[in-house]
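A.B. asks: In this note's numbering, the protein residues as written are 234 to 575. Every residue gets a Cβ at the ideal spot worked out from N, C-alpha and C, and that includes glycine.
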Amino acid sequence: MSRMDNWKNKPFPVLGIETSCDETAAAIVDNGRYVRSEVVWSQVRRHAEFGGVVPELASRMHLESIASVVDLALKDAHLSPADLGAVAVTHGPGLVGALLVGVGFAKAFAYRQQKPLIAVHHLAGHLAANYVEHEDLEPPFLALIVSGAHSHLVLVEDYGTYRVIGRTRDDAAGEAFDKIARAMGLGYPGGKRLDELAKEGTPIIELPQTVFPDSLDFSFSGMKTAAINWLHRQKQRGEEVLLEDVAASVQKAIVDALVSHTEAALYQTGSKTLVVAGGVAANSGLRVGLKDLSERMQIEVKMPRLSWCTDNAVMIASAGYFAGLSGEYASLDLNARPVLAM
Ligand code: KG4
Ligand code: ZN
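1) Report the partner residues of T495 according to the DSSP bridge assignment.
2) Rounded to whole angstroms, what is the Cα-Cα separation between S253 and G265?
3) Indicate the three-state DSSP secondary structure (helix, strand or coil) for H367 in the structure shown.
4) Quick one: any contact between the stretch 396 to 411 and the stretch 487 to 505, if contact means 3 or more CB pairs under 8 Å?
5) Should S301 be listed as close to the ligand KG4, given that the test is whether its C-beta is under 7 Å from any heavy atom?
6) If you measure from each CB to the nearest heavy atom of the ligand KG4 and keep those under 5 Å, what residues do you get, in chain order?
7) Which residues does DSSP list as the beta-bridge partners of H385?
8) For V508, I'd like the list of residues in its chain whose CB is within less than 6 Å of its CB, leaving aside the five on either flank, ordered along the chain.
9) Between D304, Y392 and V365, which lies nearest to F338 when the distance is taken from Cα to Cα?
10) So does H359 have its beta carbon nearer than 7 Å to some heavy atom of the ligand ZN?
11) Using 8 Å for Cβ pairs, my map puts I351 next to A569. What's the rounded Cβ distance?
12) Taking its Cβ as the centre, do 16 or more other Cβ atoms sit within 10 Å of G503, making it buried, or is it exposed?
13) Check whether the stretch 536 to 547 touches the stretch 384 to 394, taking contact to mean three or more Cβ pairs, one atom from each stretch, closer than 8 Å.
14) Using a threshold of 7 Å, is the CB atom of H576 nearer than that to any non-hydrogen atom of the ligand ZN?
15) Grouping DSSP H, G and I as helix and E and B as strand, with all else coil, what is A515?
16) What residue from G330, L573 and L475 has the CA that sits closest to P288's CA?
17) Which residue wins for smallest C-alpha separation from V286, given the options K412, V479 and E473?
18) Can you tell me the Cα-Cα spacing of M575 and V379, whole angstroms?
19) Under the DSSP definition of a beta bridge, which residues are partnered with T257?
20) Can you name the residues that DSSP bridges to H354?
21) Sorry if obvious, but does the Cβ on S559 come closer than 7 Å to a heavy atom of the ligand PLP?
Structural data, given as structure tokens:
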């Protein structure tokens with residue numbers, strides 16, 4: 234019997250901590266489903282000056298803000314540390330120095346408060362945003378997890394039981410969005426700005442799609458290179474480019490790849506529920522494309538609200554609760570894992 238069993242019918246508040254990239258976030262969520270408080274301190278404006286995340290700067294900024302961010306989450310929830318049931322923290326994958334700040338803080342906090350410590354995989358976190366958004370959602374289901382660093386099709390057999398059935402062999406979808414956006418002069422992170430521009434344009438460039446025989450794996454580097462080369466060519470020729478149309482072309486190419494692979498995965502697995510997660514799940518074209526797919530295939534599609542697509546700590550607190558339910562506690566020698574399979 235796990236330590237959480239006798240809490241199943243009472244509120245069990247878990248403090249979630251997330252510092253894997255460029256947001257310092259803390260949240261308190263009851264029983265993996267009900268948000269008591271949430272704080273996200275984004276560093277994005279500082280990194281934007283450099284055109285991308287500067288790892289050393291990220292670590293330093295996490296260190297400066299983590300204590301106040303956690304404090305604010307507790308205050309907003311009207312709880313004291315003693316009221317918490319457990320502390321959950323992202324231990325990987327991510328930037329090692331950034332992860333270390335969250336892991337170090339969570340260990341010290343858990344030790345000082347004598348609370349169980351739970352290690353959360355960042356992608357399991359992204360997925361769990363859906364358990365908070367959709368109170369009745371339960372495994373099994375098929376998940377499409379698309380972020381700045383990952384593009385995974387995952388069969389979620391149970392809470393914490395994952396089978397990765399497709400993944401990118403090169404760039405992640407978010408990475409492709411960001412790199413093309415940068416070449417378009419949209420700044421960092423460009424995915425969201427590209428999405429906004431795409432709404433005003435029409436696709437004019439045909440970008441290549443890569444498919445691997447008998448595989449659900451993705452590849453985005455071919456279309457990324459083709460888009461960047463096209464931009465360079467137009468510039469060399471001195472021809473004007475309508476950024477809205479370029480954005481619409483890129484968005485269409487990336488969304489078509491994600492939707493077609495997801496469709497194949499749904500056929501292959503026979504799953505009737507599709508869950509979408511990660512920063513790219515905020516993309517308007519993808520949301521529409523997957524809703525259309527769900528109508529076509531008569532399946533249910535679930536996605537979190539936009540603010541829970543990108544990095545946050547609500548998702549970490551939720552994933553932590555479900556991991557704790559199955560007795561998966563971490564010890565105080567927990568370390569950051571920059572590379573970590575799901
Ligand atoms: O999940 P996330 O916040 O961080 C990682 O775990 O990587 O995802 C960030 C990624 C970035 O690549 C960002 O450009 C992308 O998600 N993103 C978007 C949109 N909003 C965020 N990409 C396309 N369209 C959007 N609306
Ligand atoms: Zn993320």
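C.D. replies: Taking the geometry as given:
1) Within the sequence shown, numbered from 1, the residue matching residue 495 stands at position 262. Looking at the DSSP assignment, T495 forms no beta bridge with any residue, so it has no partner.
2) For the purposes of this step, residue 253 is taken as residue 20 along the sequence shown, with counting starting at 1. For the purposes of this step, residue 265 is taken as residue 32 along the sequence shown, with counting starting at 1. Those two C-alpha atoms are separated by around 20 Å.
3) The count along the sequence shown starts at 1 and reaches residue 367 at position 134. Note: H367 maps to coil in three-state DSSP.
4) yes
5) Counting from one through the sequence shown, the residue named residue 301 turns up at place 68. No - the ligand KG4 has no heavy atom lying nearer than 7 Å to the Cβ of S301.
6) S380, G381, A382, G407, F410, D411, P422, G424, K425, D428, G511, G512, V513, A515, N516, T543 and D544
7) For the purposes of this step, residue 385 is taken as residue 152 along the sequence shown, with counting starting at 1. According to DSSP, H385 bridges with I378 and R400.
8) Within the sequence shown, numbered from 1, the residue matching residue 508 stands at position 275. Result list for V508: N363, F374, A376 and K535, in chain order.
9) For the purposes of this step, residue 338 is identified with residue 105 of the sequence shown, where counting begins at 1. Nearest C-alpha to F338: D304.
10) One-based indexing of the sequence shown puts residue 359 at position 126. Yes.
11) Locating residue 351 in the sequence shown gives position 118, counting from the first residue. Locating residue 569 in the sequence shown gives position 336, counting from the first residue. Going by Cβ atoms, the distance from I351 to A569 rounds to 15 Å, so no, they are not a contact pair.
12) Numbered from its first residue, the sequence shown carries residue 503 at position 270. The residue in question, G503, is exposed, as its Cβ has fewer than 16 Cβ neighbours within 10 Å.
13) no
14) An answer regarding residue 576 cannot be provided, because it is not within the stretch 234 to 575 covered by the chain.
15) As a position in the sequence shown, residue 515 is number 282, starting the count at 1. Here A515 sits in helix by DSSP.
16) Locating residue 288 in the sequence shown gives position 55, counting from the first residue. Checked all of G330, L573 and L475; the closest Cα to P288 is G330.
17) Position 53 of the sequence shown, counting from 1, holds the residue named residue 286. The shortest C-alpha separation from V286 is found at K412.
18) Counting from one through the sequence shown, the residue named residue 575 turns up at place 342. Counting from one through the sequence shown, the residue named residue 379 turns up at place 146. Near 13 Å, if we compare the C-alpha coordinates of V379 and M575.
19) If you number the sequence shown from 1, residue 257 lands on position 24. Answer is W274.
20) On the sequence shown, residue 354 is found 121 positions in, with the first residue counted as 1. H354 pairs with G325.
21) No copy of the ligand PLP occurs in the structure displayed; its ligands are the ligand KG4 and the ligand ZN alone.
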